[in-house]
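A.B. asks: Numbering (my numbering), first residue to last: 7 to 126.
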Amino acid sequence: MKKLLTLIVLVVFTMFGYAQTAKVGGTEESIKNMIGKNYVEFVFPDEITQETIEKSGKYYTEYFTVEYNKPSKIVKVSLIENTDMARRVITRFLLSCGVRTVEFTGKEFTIMEFYDSYLK
Numbered sequence: 007m008k009k010l011l012t013l014i015v016l017v018v019f020t021m022f023g024y025a026q027t028a029k030v031g032g033t034e035e036s037i038k039n040m041i042g043k044n045y046v047e048f049v050f051p052d053e054i055t056q057e058t059i060e061k062s063g064k065y066y067t068e069y070f071t072v073e074y075n076k077p078s079k080i081v082k083v084s085l086i087e088n089t090d091m092a093r094r095v096i097t098r099f100l101l102s103c104g105v106r107t108v109e110f111t112g113k114e115f116t117i118m119e120f121y122d123s124y125l126k
């Protein structure tokens, strides 16, 4: 019985500890073009719901709007003003949605590494 309880606890912690990864397609050039046009697109994992995305997006309307395409799982973040602060707030949005890492150009970055390398 003790082993079963331990196994259940381990499975629950593993499920909640699983890091969600968003993906950004394209190249360094294409992300610079997106930022230059005041938006960034992420492909969110299936586990993150539309409700979570919309609810989280409502907290940051001063900085950007969020559009979600359910069939493709693409989240488009459109900046109100293309400022460093607005781009930094994208990291808060990702975290509030449950995203912990961003996959780009075949590499996985923490959210802050991605921000420092491509959004700053």
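Backbone N, C-alpha and C fix where the C-beta goes; we use that ideal spot for every residue, glycine too.
Could you check the C-alpha separation between GLU53 and PHE70 for me, to the nearest Å?
C.D. replies: For this step, residue 53 is matched to residue 47 along the sequence shown. For this step, residue 70 is matched to residue 64 along the sequence shown. Approximately 23 Å, taken between the alpha carbons.
A.B. asks: Residue ranges of each beta strand (DSSP E) run of no fewer than 3 residues wholly in the segment 53-102, ordered along the chain?
C.D. replies: Listed in chain order, the complete beta strand (DSSP E) runs (minimum 3 residues) inside the segment 53-102 are 70-75, 80-85.
A.B. asks: Check whether the segment 80-100 and the segment 118-126 are in contact - that is, three or more C-beta pairs closer than 8 Å.
C.D. replies: Cβ pair count under 8 Å is three or more, so yes.
A.B. asks: Using alpha carbons as the reference points, say which of PHE50, LYS82, LYS79, THR116 lies closest to THR107.
C.D. replies: Numbered from 1 along the sequence shown, position 101 holds the residue referred to as residue 107. Here the closest residue by C-alpha is THR116.
A.B. asks: Would you identify the three-state DSSP class for LYS43, choosing helix, strand or coil?
C.D. replies: Stepping through the sequence shown from its first residue, residue 43 is reached at position 37. Residue state, collapsed to three classes: coil.
A.B. asks: Run the CB neighbour count on ILE96, radius 10 Å, all protein chains shown included, and call it buried at 16 or more, exposed below.
C.D. replies: As a position in the sequence shown, residue 96 is number 90, starting the count at 1. Under this definition ILE96 is a buried residue.
A.B. asks: Give the DSSP-derived three-state secondary structure of PHE50 in the structure shown.
C.D. replies: Along the sequence shown, read from residue 1 onward, the residue named residue 50 stands at position 44. In this structure, PHE50 counts as coil in the three-state DSSP scheme.
A.B. asks: Taking 6 Å as the limit between beta carbons, can you name the residues of its chain near PHE120, skipping five residues before and five after?
C.D. replies: For the purposes of this step, residue 120 is taken as the residue at position 114 of the sequence shown. These residues qualify, in order along the chain: VAL108.
A.B. asks: Contact check, VAL49 vs ALA28 under 8 Å by CB: the rounded distance?
C.D. replies: For the purposes of this step, residue 49 is taken as residue 43 along the sequence shown, with counting starting at 1. For the purposes of this step, residue 28 is taken as residue 22 along the sequence shown, with counting starting at 1. Between ALA28 and VAL49 the Cβ distance is about 7 Å, and since that is below 8 Å, they are a contact.
A.B. asks: Can you list, in chain order, the residues of its chain whose CB lies under 6 Å from that of LEU16, leaving out five sequence neighbours each side?
C.D. replies: Numbered from 1 along the sequence shown, position 10 holds the residue referred to as residue 16. Note on LEU16: pLDDT 48, under 50, position unreliable in the model; the coordinate value appears next. Contacts found: none.
A.B. asks: For GLY32, count neighbouring Cβ atoms within 10 angstroms of its own Cβ and tell me buried if that reaches 16, exposed if not.
C.D. replies: Here the question's residue 32 lines up with position 26 in the sequence shown. Exposed: under 16 other Cβ atoms inside 10 Å.
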